[in-house]
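Numbering (the numbering used here), first residue to last: 3 to 128. Working notes, structure below.
This is the structure:
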């Protein structure tokens, strides 16, 4: 690998880890209210898993949370401003669908609670 290619690759790896380096899975009861630059998603549903995705933006890399089972949350510190977010649900047979899409306001932070059953997934943000 050429030296310039190594520098570019290293910069890309560093950029990609800005969001993922602070991702944490915690029990749903540990999640807090919205805090600036903090994105949290909690699965309070019954029969599905849930995932949050920050799609790639120009000059940036995307990120996806793990599929969260009932009772779990993911907390992420986000450095970038106003990221797009897509929330997906997946049932036991692996079928997935988008349940919400919005822009994450970094200056306020977002706390997403997902509840219901696979047939009627509800998201609430604070």
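All residues carry an ideal CB built from backbone N, CA and C; glycine is no exception.
Taken atom to atom, the span from the alpha-carbon of residue 115 to that of residue 125 is near 6 angstroms. Secondary structure at residue 113: strand, using DSSP grouped into helix, strand and coil. The alpha-carbon separation between residue 78 and residue 40 amounts to approximately 6 angstroms. Per the coordinates, the alpha-carbon of residue 38 lies some 17 angstroms from the alpha-carbon of residue 56.
The C-alpha of residue 123 is placed about 25 angstroms away from the C-alpha of residue 84.
A direct Cα-Cα distance of roughly 21 angstroms separates residue 90 from residue 82. Contact annotation: residue 128 and residue 49 have beta-carbon atoms that are not nearer than 8 angstroms.
Residue 63 and residue 54 have their alpha carbons spaced roughly 14 angstroms apart.
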